[in-house]
Amino acid sequence: ALLRIDFKKKMKYEEVYLSEFSDVFYVEEKNVALVHWKKYCELEQYRTPLKNALKVIKDHTACNYVADTRDGFEDNPLDTKWVAEYFMPKAKEYGCRIIYFIIDENNSLKEELEGQKKDSEQLLEFRYIYGIDEVG
6 ALLRIDFKKK MKYEEVYLSE FSDVFYVEEK NVALVHWKKY CELEQYRTPL
56 KNALKVIKDH TACNYVADTR DGFEDNPLDT KWVAEYFMPK AKEYGCRIIY
106 FIIDENNSLK EELEGQKKDS EQLLEFRYIY GIDEVG
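Positions in the sequence shown are counted from 1; adding 5 to them yields the working numbering.
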């Protein structure tokens, strides 16, 4: 699937994990783990890309996390809990300081993203952006 953000022509990146549900990249220029969500998934299909993103964060000093949510979906409540209790604390432990959500102009996942922020804002900073160019 073609990414709606075409960073591939402009930035050096590494493909870390690709599936029908999501793709995970390390974007060197921005020092971020980028997850592009493509369609609804839950449990292991949802957690595996995030575990891959954690590995990227762990392997690159001061690496932050970007979720492209423009093709996203609301999460299964079990996964939302897992993000708050596992993913966010691990991301912080591995050196991540900022979680970026790439949103569409309507921010169709506003409630979902605000819920994730509320659950973890004591750990990490959250920023809403319209494209990876705004990271930094």
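We treat Cβ as the ideally placed atom computed from N, Cα and C, and that holds for glycine.
The model shown is predicted, which means the values in this text are computed figures rather than measured ones.
Drop a sphere of 10 angstroms on the beta-carbon of R75, count the other beta-carbons inside from all chains shown, and report buried for 16 or more, exposed for fewer.
Mapped onto the sequence shown, residue 75 falls at position 70. R75 is buried by the Cβ-count criterion.
Alpha-carbon spacing of A6 relative to E34, whole angstroms:
Position 1 of the sequence shown, counted from the first residue, corresponds to residue 6. Position 29 of the sequence shown, counted from the first residue, corresponds to residue 34. Residue confidence is low: A6 scores 37 on pLDDT, short of 50, so the model does not pin down where it sits. Its coordinate-derived value is still stated next. C-alpha separation (whole angstroms): 22 Å.
So the beta strand (DSSP E) R143 belongs to, where does it begin and stop?
Residue 143 lies beyond the range of the chain shown here (6 to 141); nothing can be said about it.
Would you list the residues sitting across from F30 in a DSSP beta bridge?
Your numbering for residue 30 matches position 25 in the sequence shown. According to DSSP, F30 bridges with E20 and L39.
Give me the DSSP bridge partner(s) of E130.
Against the sequence shown, residue 130 aligns to sequence position 125. Looking at the DSSP assignment, E130 forms a beta bridge with I103.
Can you have a look at Y99 and say buried or exposed, based on whether 16 or more other CB atoms are within 10 angstroms of its CB?
For the purposes of this step, residue 99 is identified with residue 94 of the sequence shown, where counting begins at 1. It is buried - the Cβ of Y99 has at least 16 other Cβ atoms within 10 Å.
Comparing C-alpha positions only, which one of N81, E117 and S27 sits nearest to A58?
Sequence index remark: in the sequence shown, residue 58 carries index 53 (1-based). The residue with the shortest Cα to Cα distance from A58 is S27.
Run of the beta strand (DSSP E) containing D73, from where it starts to where it stops:
Numbered from 1 along the sequence shown, position 68 holds the residue referred to as residue 73. Segment N69 to D73, the beta strand (DSSP E) holding D73.
On the CB-based measure, 16 or more other CB atoms within 10 Å of its CB, does L83 come out buried or exposed?
On the sequence shown, residue 83 is found 78 positions in, with the first residue counted as 1. With fewer than 16 Cβ atoms within 10 Å of its Cβ, L83 is classed as exposed.
Rounded Cβ spacing between I107 and D138 (contact assumed at less than 8 Å):
Residue 107 sits at position 102 when you count from the first residue of the sequence shown. Residue 138 sits at position 133 when you count from the first residue of the sequence shown. So it is not a contact: roughly 10 Å between Cβ atoms.
Quick test of your reading: V40 and L55, contact by CB under 8 Å. State the CB separation rounded to the nearest angstrom.
By one-based count along the sequence shown, residue 40 stands at place 35. By one-based count along the sequence shown, residue 55 stands at place 50. Indeed they touch by this definition, with Cβ atoms about 7 Å apart.
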